[in-house]
Amino acid sequence: MSKFLTEKIQKLTPYVPGEQPKERKYIKLNTNESPFPPSDKAIKKASEEAKKLMLYPDPDCNELTALVAKTCNVDKENVILSNGSDEVLNFAFMAYCDEKTKAVFADITYGFYKVFASLNGIPYKEIPLKADFSLDLEALSNEDGTLFIANPNAPTGLFVPVSVIEEIVAKNPTRIVVIDEAYVDFGGESCIPLTKKYDNILVVQTFSKSRSMAGARLGFAVGNKELIADLMRIKYSTNPYNVNRMTAAAGVGAMEDSGYFENNCKKIIENREYTHKELEKLGFVHTNSMTNFVFVKSDKIDGAQLYKKLKDKGILVRHFDKEEIKEYNRITVGSAQEMQALVNAVKEILGE
221 MSKFLTEKIQ
231 KLTPYVPGEQ
241 PKERKYIKLN
251 TNESPFPPSD
261 KAIKKASEEA
271 KKLMLYPDPD
281 CNELTALVAK
291 TCNVDKENVI
301 LSNGSDEVLN
311 FAFMAYCDEK
321 TKAVFADITY
331 GFYKVFASLN
341 GIPYKEIPLK
351 ADFSLDLEAL
361 SNEDGTLFIA
371 NPNAPTGLFV
381 PVSVIEEIVA
391 KNPTRIVVID
401 EAYVDFGGES
411 CIPLTKKYDN
421 ILVVQTFSKS
431 RSMAGARLGF
441 AVGNKELIAD
451 LMRIKYSTNP
461 YNVNRMTAAA
471 GVGAMEDSGY
481 FENNCKKIIE
491 NREYTHKELE
501 KLGFVHTNSM
511 TNFVFVKSDK
521 IDGAQLYKKL
531 KDKGILVRHF
541 DKEEIKEYNR
551 ITVGSAQEMQ
561 ALVNAVKEIL
571 GE
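So this is what it looks like as C-alpha cells:
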C-alpha cells in the first residue's frame, strides 16, 4: 500500500472471493455460479445492445425495472437495479447505518457484511450461530441496529421461513431489516410480499445464481417507495449509470425467459439432492441446504485435506478456516456430470 492511503483503509480487511486459478482447467465448484449458460434471449439482447455502447445506458433501467416489478408483483417505484446485489447491499449499509446505528448480522454469514461495515466506518455486532448452525433469531432481533439476514444463509445453506422473518420485522418497526435472498430460488420462499405490508423491510436478490449472470453483475432490491428513494439518492450520488446497457438488456432477456430459469433451478435442486445422497453413502453429513451448494463434512477426512486433495484432482470447492466450520466444505452444485465427477473423486480420496 502507498504512504498516502488513509488509516481507515489501511485497517480494512477486504472480502476474499473464491479462487480463480488459471494454471489448469478445473471443475469449478467453489463460487456458486450456475453450470448453465445464460438464456439465449439474454445473450441475443445483450449482443444487440453491444452495437450501442457509444451511448450511456438508461440510468433508471426502465424496461428491466418494469419487468422485475411485474415478476415480483410490485410497482416500479418499489424496485432499484444495481451492479450486482453487492452494490445495493452496500447502499443499504450507507443509508441505514452510521456511528449511531450499528449493523447487526450473524458471525457466520456472507463475508461482505463485515467489509461493508468497516469500509463505511460503521460499528457492527456479530451474533453467533446456534450449535446446529441456525440463526439465533431471538438474539438478532433483540440487538439494536440495522439487521442483515442472508436467507438462505451462506455458507450453511439454511433457510428461515417467511413467517418467522415476518415476526422479526413486525417486532422491530423502528429499525430496518435487510433480507439478502441471493439463493432463494433454489427451494426457499421470498420475503418480497412482506414489503407491501411493512415499511421497514428491504429484500435484495441477484441475477448471478439462478439466472446464470454472475459475469454480468446485476442485482436488485425491493421495498416500499420511500426505502427505494433512499437508495436511489445514494445511487445518483455515486454512479447513476451503474448498470451497463448490455447487462440491462441481458436482464430483460433473462426475465422474459422464465421457463429456462425455472427448468435450470429444478435441475440444480435435483443435482443437489443427488449429491447429498451420494455423499451420505460415503459417511458425510450435511446441512439442509436450500441453495445451489451443499455444506458437508466427514469424520474420515478433515475439511482442509479434502479441499486440497480435490484440488489436486482438478475440482475446486470452497474451504473456510473459521474454527466453527473448518471441518466443512461448501460445494457448488454443478451439472449432473460435474457432481458425478465430484462423488467419484471423493470415493478415490477416501480409498487412498
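The sequence shown begins at 221 in the numbering used here and counts up one residue at a time.
Cβ coordinates follow ideal geometry from the N, Cα and C atoms, glycine included.
With a threshold of 16 other CB atoms inside 10 Å of the CB of P372, please say whether the residue is buried or exposed.
-> buried
Please state if the CB of T366 and the CB of T329 are separated by a distance shorter than 8 Å.
-> no
Quick one: grab the DSSP three-state call for N549.
-> strand
Taking the Cβ atom as the reference point for each residue, do N462 and S302 lie within a distance shorter than 8 Å?
-> yes
Could you check the C-alpha separation between L339 and Q230 for me, to the nearest Å?
-> 10 Å
Range covered by the beta strand (DSSP E) that runs through G304 | Taken as a continuous stretch (DSSP letters only), G304 belongs to no beta strand (DSSP E), being part of the alpha helix (DSSP H) at G304 to Y316.
By how many angstroms is the C-alpha of R244 removed from the C-alpha of R538?
-> 17 Å
Which partner residues does K345 have in the DSSP bridge list?
-> V324
Compute the distance between the beta-carbons of A374 and T511, then report whether it is under 8 Å.
-> yes
Which whole runs of the beta strand (DSSP E) in the stretch 346-396 are 3 residues long or more, in chain order?
-> 366-370
For the beta strand (DSSP E) holding T426, just list the boundary residues, first then last.
-> I421 to T426
C-alpha distance - G473 paired with I569, whole-angstrom precision = 42 Å
Would a C-beta distance cut-off of 8 Å place M475 and I300 closer than the cut-off?
-> no
For N293, which option in T415, P277, A337 and L349 has the closest C-alpha, if you only look at C-alpha atoms?
-> T415
Between which two residues does the alpha helix (DSSP H) carrying A449 extend?
-> K445 to T458
Along the chain, where does the beta strand (DSSP E) that runs through G238 open and close?
-> No beta strand (DSSP E) contains G238, which DSSP labels as neither H nor E.
May I ask you to list the residues that DSSP assigns as paired with H539?
-> N549
Compute the distance between the beta-carbons of A326 and I347, then report whether it is under 8 Å.
-> yes
Put V299 into one of helix, strand or coil per three-state DSSP.
-> strand
What does DSSP give as the partner residues of A441 in its beta bridges?
-> I300 and V424
How many Å lie between Q525 and D295 at the Cα?
-> 50 Å
Going by DSSP, what residues sit across from V404 in a beta bridge?
-> Paired residues: none, contrary to the question.
Based on Cα-Cα distance, which residue from T226, Y548 and F311 lies nearest to D450?
-> F311
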